[in-house]
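Just below is one structure, and these are the notes that go with it.
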Amino acid sequence: MTPARFWFFWATVVLHICLHVALSEAQDEERCKDKFSLGKEDFVLDVDESVKDGATFLGSPQVSRSEDCVLACCNDPNCNLALIEHGGDTKSMCFVFNCLYKQKKVCRFVRKKGFSNYVLISVFKDYLEQKNSDVEDKHPTAVAGQDRVVQPKEDVILNGIESKDDKKIVKYEWEMVSGDPSAVMTKGPFEDSVTVSNLSPGMYKFRLMVTDDADQTASAEVSVLVLTPEQSLHHCLVPKKEGPCRGSFPRWHYNAATEKCEKFKFGGCKPNRNNYLALNECQNACDKVSAFAKPPSGRFGPVHDHREQCDAACGPDHFSCTNKCCIERELECDGEPQCSDGSDEAECSRLDSKFRRLLDIPVDKSRVHCVEPPVTGSCRASFTNWYYNPYEGRCNRFNYGGCDGNENRFDTEEKCMSSCTGVSETDVFARRAQFQKQESKNETASIVIAIILGLAIIILLVVIACCLLKGKKKRRNTHQVVAINGGHVHAYEDSEKLVYNSTTKPV
């Protein structure tokens, strides 16, 4: 083979490989972008309320096209919302978010021109437009609750109280999908609940299936993470982390020195896992974990080496340094460089400025509560309240359970209409079905309670009436007629036999 042919051969091989790689990457990008869908135009994230409820700001990649922002979100396993601000002559700005807190959707949107949003279909399928169905009896909606984090041997109660149907749910069935088979599931105190005990460290998945009175079914899953000693280190023993952003959001962290959960102010981005929305979440995850206990009696393992690792590929829980080495993702922007090239702290100040930009966007939030779908909550009380339906322009009744609701909840129809009149479907991000009246467990319970109370009142009224009649009859039977001029006293036992006596004639 001549030198010319040799070089031509290898040039052809290299070109073929390059084209193959480029084609493969392009196909991967298309597959990735196919997982996302355009949401509603001219809606921006209500960042303040969303982060309060557990949403996380992931970053602001520098992009020139909307497609690049979606691709950046697609490449982050925690990202499910790509928000684009169109800047006219300037380049578009890209913001990426995680809208899930323990698998519960927590992002809220408000109308604002100049913004586009792309959402992960698997997460936001309930929010995307669907054709209106003419079917009278719709399928139920199963809600298994948010994911849990607990310590070994702690019992967990799972419930489906927030599941809904437009008619009635008649059956709740729980099953364990994955996890240690030694876990024990027993029927809970309510029809929709189960108690899971004998939990060993590991990840468990449970599925709830609900069936309505038309024999239609729906299912949902919930995860329970039972912490290993090593995981307890990340969830309970690491110091609180406010993060590089300078927002102010109330959170809880576990202080292993005092063995108590304590409040702190979270900045809004780059949290670690010792970060909880509620006190009970923190307590369930870290109960009795101690910084002073020694293995094996303690509930934690050896402290990790925070130095960068350069001998393996970075995983989804790692931050990739510019030099291709890896550190734990939660060490990014902690104020201390762990990457030898300092890349884990390089973009942190920019992150704060972009987050602040979102917080400062002027939006009309005066009636944003009117476009939130009604939430019955996870508690079992039953209060008749009203919510506003922006698709119908009127208020409907619903039963509120007593906790975990939102602000689209009013004591009376008058207050509801006064607060929300004029808000229409153009102002709402969620689809119509989110506002349709559905019967939940609380509504069924309230109907049963109302029937029982009604019967009790009727029975009580009957008893009172009988007592009054009996008392009146007794008084009449014991009526005494006294004779004049010292005559005998006659007691008539049968009032129906009383006769006129001339001695009783008035003088």
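Numbering (UniProt numbering) for the sequence shown: 1 to 507.
Quick reminder that beta carbons are idealized off the backbone N, C-alpha and C, glycines included.
query, result
"Beta-carbon spacing of Cys-236, Asn-274 below 8 Å", "yes"
"Cβ neighbour criterion (16 or more within 10 Å) applied to Cys-403", "exposed"
"Distance CB(Val-96)-CB(Asp-126) smaller than 8 Å", "no"
"Buried versus exposed call for Gln-309 [16 or more other C-beta atoms within 10 Å across all chains shown]", "exposed"
"Classification of His-253 by the beta-carbon crowding that lies within 10 angstroms, buried from 16 upward", "buried"
"Entirely enclosed alpha helix (DSSP H) segments - the UniProt domain \"BPTI/Kunitz inhibitor\" (370-420), minimum 4 residues", "413-420"
"Distance between Lys-168 and Ser-446 (C-alpha atoms, nearest Å)", "With a pLDDT of 49 at Ser-446, under the threshold of 50, the predicted position of this residue should be treated as unreliable, and no value is reported."
"Phe-383 versus Lys-265: straight-line alpha-carbon distance, rounded", "33 Å"
"Residues bridged to Tyr-276 [DSSP beta-bridge criterion]", "Trp-252"
"Cβ pair residue 508, Leu-120 closer than 8 Å", "Only positions 1 to 507 of the chain appear in the structure, and residue 508 is not among them; the question remains open."
"Short Cβ contact (8 Å threshold) for Cys-69 with Pro-61", "yes"
"Under the three-state DSSP convention, the category Asp-212 falls into", "strand"
"Run of the beta strand (DSSP E) containing Leu-71, from where it starts to where it stops", "Premise fails: Leu-71 lies in the alpha helix (DSSP H), 66-74, not in any beta strand (DSSP E)."
"Three-pair Cβ contact test at 8 Å for the region 229-243 versus the region 202-218", "no"
"Rounded C-alpha distance that separates Glu-345 from Met-203", "32 Å"
"With 16 other Cβ atoms within 10 Å as the buried cut-off, status of Ser-232", "buried"
"Cβ-based burial, Leu-158 [other Cβ within 10 Å; buried from 16]", "buried"
"Test item: CB-CB of Glu-162 and Ser-378 under 8 Å", "yes"
"Arg-148, buried or exposed, once every other Cβ within 10 Å from all chains shown has been counted against 16", "buried"
"Member of Phe-410, Lys-164, Phe-398, Tyr-391 whose CA lies at the smallest distance from the CA of Thr-426", "Tyr-391"
"Cα-Cα separation between Lys-205 and Gly-39, rounded to whole angstroms", "30 Å"
"In DSSP terms, what Ser-340 is bridged to", "Partner(s): none; Ser-340 has no beta bridge."
"Same chain, Cβ closer than 7 Å to Cys-314, neighbours up to 5 away in sequence not counted", "Ser-320, Cys-326"
"Burial state of Lys-91, where buried means 16 or more other Cβ atoms lie within 10 Å", "exposed"
"Sequence-distant residues of its chain with Cβ nearer than 7 Å to Leu-279 (five each side left out)", "Trp-252, Cys-261"
"Residue range of the unbroken beta strand (DSSP E) whose run includes Leu-199", "Taken as a continuous stretch (DSSP letters only), Leu-199 belongs to no beta strand (DSSP E), as it is neither H nor E."
"Closest residue to Leu-199 among Ala-72, Ala-183, Val-222, Arg-31 (Cα-Cα distance)", "Ala-183"
"Check whether Asp-137 and Ser-197 have beta carbons under 8 Å apart", "no"
"Three-state class that DSSP yields for Arg-367 in the structure shown", "coil"
"Helix, strand or coil at Asp-334 according to DSSP, with G and I counted as helix", "coil"
"Beta-carbon proximity list for Ile-282, same chain, < 8 Å, skipping 5 on both sides", "A quick correction: the sequence has Cys, not Ile, at residue 282. Same-chain partners within the cutoff: Trp-252, His-253, Tyr-254, Cys-261, Tyr-276."
"Close Cβ partners of Val-423 (< 6 Å) along its chain, the five nearest in sequence each way excluded", "Arg-367, Cys-370, Pro-390"
"Cβ pair Leu-71, Glu-29 closer than 8 Å", "yes"
"Asn-399 to Phe-410 span [Cα, whole Å]", "11 Å"
"Local conformation of Glu-230 per DSSP, three classes", "helix"
"Coarse secondary structure for Val-303, derived from DSSP in three states", "Confidence at Val-303 is low in this model, with a pLDDT of 49, below 50, so its placement is unreliable and no value can be given for it."
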